[in-house]
Amino acid sequence: MKFLAVLITIFLYRNWIGDHPLQGRVPFDRWQRWFFGSSLGVNIRYILCVGIPVLGVGWLAMSLDHGLTSILWLLLSLAVILYAADIYDSAAVFSDHRTWLRSLEESSNVNEAVQRHEDFMMLCAYEYFQSLFPVLFWYLILGPMGPLLYILSRFYLDLLDEDDPESTLVDSVIYWMEWFPVRVTGLILALLGSFAGTFERWLELSADFGSSNTVALTTMMASAIDANEYEGDEDLEEFITSAVMDTDALEAMLGRIVFGWLGLAAIIAIVGW
Numbered sequence: 104m105k106f107l108a109v110l111i112t113i114f115l116y117r118n119w120i121g122d123h124p125l126q127g128r129v130p131f132d133r134w135q136r137w138f139f140g141s142s143l144g145v146n147i148r149y150i151l152c153v154g155i156p157v158l159g160v161g162w163l164a165m166s167l168d169h170g171l172t173s174i175l176w177l178l179l180s181l182a183v184i185l186y187a188a189d190i191y192d193s194a195a196v197f198s199d200h201r202t203w204l205r206s207l208e209e210s211s212n213v214n215e216a217v218q219r220h221e222d223f224m225m226l227c228a229y230e231y232f233q234s235l236f237p238v239l240f241w242y243l244i245l246g247p248m249g250p251l252l253y254i255l256s257r258f259y260l261d262l263l264d265e266d267d268p269e270s271t272l273v274d275s276v277i278y279w280m281e282w283f284p285v286r287v288t289g290l291i292l293a294l295l296g297s298f299a300g301t302f303e304r305w306l307e308l309s310a311d312f313g314s315s316n317t318v319a320l321t322t323m324m325a326s327a328i329d330a331n332e333y334e335g336d337e338d339l340e341e342f343i344t345s346a347v348m349d350t351d352a353l354e355a356m357l358g359r360i361v362f363g364w365l366g367l368a369a370i371i372a373i374v375g376w
């Protein structure tokens, strides 16, 4: 059942056009905002805003996960996964970046262009990862509870001020919920891309508990696609050509990673976990 849920999710994720089908219709955000208007202690508030919906979905999933009600468990799984996954229009994002690269003129500052391109590569890889892969990982580990815990924690963090004392706790929850999927994604990158260099980076980062998940993912991604390294003193035309090649390689790799996760779900189904 888990493999079927992942298969359907990936199909919809790659082909959905338009707004998110569920996030605007299921009012978890209003549930959380209601508690923000109360005088509850911060940790109690997090448990109520995130823990109660997660435990409720977990209880419902366990009640349905047997016999003839298994189809209802599958429908619940799909609803939770699709709710937790973000719609990421990668085609438009990459197209806009290529258009910008090709619009650079001789008067353009190469150093600034290099920095903007590198920022794009980092942000795009992380946003694509964040939109789906932690959701799939925690679904495979915890069932419907996992994706809901992840996305509701992210929603909760968005409601907190930067100096809110609770933000440290929620940041830590999200960091660890992304730490494991980043390493799994890195291993998939090694298998799909430049193996030797990426696997070496993966070994180094598998015991690294201090680096940000964004940096870890970007490091392994750059190795997997053999991304060019820029010094800032490149000829503009040379930079544009190399940057477009990197952009194409990143887009292709992100498309392949999805099927790597599908393969992982298939292995788990075969093993019977």
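In this note's numbering, the protein residues as written are 104 to 376. Every residue, glycine too, gets a C-beta built ideally from N, C-alpha and C.
Judging by CA-CA distance, which residue of the options is the nearest neighbour of residue i?
{"i": "E332", "options": "D261, S270, L365, M224", "result": "M224"}
{"i": "S315", "options": "E281, L245, M324", "result": "E281"}
{"i": "G161", "options": "E215, A368, P250", "result": "P250"}
{"i": "C152", "options": "V109, R359, D266, L262", "result": "L262"}
{"i": "L179", "options": "E215, D189, L107, S211", "result": "L107"}
So the alpha helix (DSSP H) residue i belongs to, where does it begin and stop?
{"i": "G366", "result": "339 to 374"}
{"i": "D264", "result": "Looking at the DSSP string, D264 is not in any alpha helix (DSSP H), and its letter there is neither H nor E."}
{"i": "T271", "result": "269 to 295"}
{"i": "Y191", "result": "That residue, Y191, is in no alpha helix (DSSP H); it is neither H nor E in DSSP."}
{"i": "V129", "result": "Where V129 is concerned, there is no enclosing alpha helix (DSSP H), given that its DSSP letter is neither H nor E."}
{"i": "N331", "result": "Here N331 belongs to no alpha helix (DSSP H), and DSSP marks it neither H nor E."}
{"i": "F312", "result": "No alpha helix (DSSP H) holds F312; DSSP gives it neither H nor E."}
{"i": "V109", "result": "105 to 118"}
According to DSSP, simplified to helix, strand and coil, what is residue i?
{"i": "M248", "result": "helix"}
{"i": "H169", "result": "coil"}
{"i": "L143", "result": "coil"}
{"i": "L207", "result": "coil"}
{"i": "A212", "result": "Ala is not the amino acid found at residue 212; the sequence shown has Asn there. Reduced to three states, the DSSP call for N212 is coil."}
{"i": "H123", "result": "coil"}
Would you mind stating whether residue i and residue j have Cβ atoms separated by less than 7 Å?
{"i": "A346", "j": "H220", "result": "yes"}
{"i": "W305", "j": "G289", "result": "yes"}
{"i": "Y186", "j": "V129", "result": "yes"}
{"i": "T350", "j": "R201", "result": "yes"}
{"i": "P237", "j": "Y259", "result": "no"}
{"i": "Y229", "j": "T317", "result": "yes"}
{"i": "I370", "j": "L353", "result": "no"}
{"i": "G323", "j": "L292", "result": "Checking the displayed sequence, the identity of residue 323 turns out to be Met instead of Gly. Yes, the pair counts as a contact, with Cβ atoms nearer than the cut-off."}
{"i": "V361", "j": "I147", "result": "no"}
{"i": "V196", "j": "L339", "result": "no"}
{"i": "P268", "j": "F240", "result": "no"}
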